[in-house]
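Numbering (my numbering), first residue to last: -9 to 355. From the three backbone atoms N, C-alpha and C, an ideal C-beta is built for every residue, glycine too.
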């Protein structure tokens, strides 16, 4: 017997994680490249300091003030969605939100599905909750064929459907009719989770699935403060759904899962939402310019509604990734074979990436 006596299905598995390398230009994990202002940092520090005076006491288990702030923000971002605090749930990053959903609605004898290429953590959430994992496939343009999707739902009768929109790693957003069709196909037997981690970066005219919440009580829409809010180090993810779904998650959440420090920092960040979100428009413009540039270079590029771009195709993508790294630019080797993903950074970072990629492609020509 090997040591330690880990679960058999976990033996030998490498843990999830993108490379963390100290290079001048880091464009591999879809972070917001702009730091919070001194005013925002001071407010967060003061709020955390105030919370620290009561660290001998457990935090508000229901994080009421934070849920009120998150609901108010969602109403401002998507006015058509009249989100109430009772519809909001939060946890330590959208990763924990997803895990809690699988704990509550997945489990032994239950099934979760998604459509590849998709976020690489989804099968791990299923594995960790002993949920059967079934994966369908997207079309060559990374869209979801509705007839094939309905057939997979009919065949597997899933309890959880995971739909990132914009999709990671491709950046493609789902049209509302796809979300509606899958909510109807799944019915009362399961939930449909639309993962909008990159929702604030969607292009003009692309709707949020939040607009559909009042039509489908089996719909869950997740968000995060890691990306548009420039809060990757904050670790705060959240969802909006029917209050009954939030009640179900309460059954599986760990006691006091959101610390007083996290609640204070996140509430302070929400008070500065206009400033923290102020660079979203610039990042959208930088993304669209990057898509145009990559296509002009003769590369295939997926349409993106996120703060990253998937491009290819390369016969040896690792060699291109390595060549960029040798030139001080770190991107992500992920997605379908032959493709690479680059986060959208500052104009200076994008210039560095373009010069490095031109150099690498020229050396390989």
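Residue i - DSSP class collapsed to helix/strand/coil
i	result
residue 216	coil
residue 318	coil
residue 313	helix
residue 252	helix
residue 16	strand
residue 106	strand
residue 281	helix
residue 122	strand
residue 95	helix
residue 299	strand
residue 291	strand
residue 39	helix
residue 25	coil
residue 88	helix
residue 356	Only positions -9 to 355 of the chain appear in this structure, which leaves residue 356 out of reach.
residue 264	helix
residue 67	helix
residue 50	coil
residue 117	helix
residue 225	coil
residue 11	coil
residue 55	helix
residue 33	helix
residue 45	coil
residue 112	helix
residue 308	helix
residue 1	coil
residue 235	helix
residue 240	helix
residue -8	coil
Residue i CB to nearest heavy atom of the ligand ZN below 6 Å
i	result
residue 58	This structure lacks the ligand ZN; in fact it carries no ligand of any kind.
Beta-carbon contacts of residue i that lie in its chain and below 7 Å, excluding the five residues immediately before and after
i	result
residue 280	299, 334, 340
residue 112	104, 152
residue 230	64, 73, 77, 78, 200, 203, 211
residue 47	none
residue 189	198, 213
residue 282	none
residue 323	307, 308, 311, 330
residue 173	182, 206, 208, 209
Separation of residue j from residue i, as counted between CA atoms
i	j	result
residue 107	residue -4	29 Å
residue 237	residue 146	26 Å
residue 251	residue 117	30 Å
residue 308	residue 246	43 Å
residue 358	residue 255	Nothing in the structure corresponds to residue 358, since the chain is present only between -9 and 355.
residue 351	residue 21	26 Å
residue 2	residue 120	18 Å
residue 94	residue 239	6 Å
residue 195	residue 312	37 Å
residue -6	residue 347	44 Å
residue 274	residue 99	42 Å
residue 80	residue 288	43 Å
residue 358	residue 24	Residue numbering for the chain in the displayed model covers -9 to 355; residue 358 lies beyond these limits and cannot be assessed.
residue 321	residue 17	5 Å
residue 285	residue 291	6 Å
residue 306	residue 143	35 Å
residue 170	residue 241	28 Å
residue 328	residue 272	29 Å
residue 218	residue 67	12 Å
residue 296	residue 192	6 Å
residue 338	residue 344	10 Å
residue 166	residue 269	26 Å
residue 92	residue 209	14 Å
residue 356	residue 110	As displayed, the chain neither begins before -9 nor continues past 355, which places residue 356 out of reach and without an answer.
residue 235	residue 150	12 Å
residue 225	residue 249	11 Å
residue 28	residue 336	19 Å
Counterpart residues of residue i in DSSP-defined beta bridges
i	result
residue 78	230
residue 127	106
residue 101	122
Sequence-distant residues of its chain with Cβ nearer than 8 Å to residue i (five each side left out)
i	result
residue 253	41, 49, 50, 53, 55, 56
residue 30	258, 259, 262, 265, 266
residue 164	134, 153, 155, 157, 184, 199
residue 315	11, 13
Same chain, Cβ closer than 6 Å to residue i, neighbours up to 5 away in sequence not counted
i	result
residue 214	84, 187, 227
residue 59	257, 260
residue 89	115
residue 317	346
residue 357	Past the boundaries of the shown model lies residue 357; the chain is included only from -9 to 355, so the question cannot be answered.
residue 87	81, 212, 227, 229
**Report entry** Those runs of the alpha helix (DSSP H) which lie wholly inside the region 319 to 354 and span at least 4 residues
**Finding:** 337 to 354
Query - Within the region 133 to 216, ranges of the beta strand (DSSP E) (whole runs, at least 3 residues) - result: 150 to 154, 181 to 185, 209 to 214
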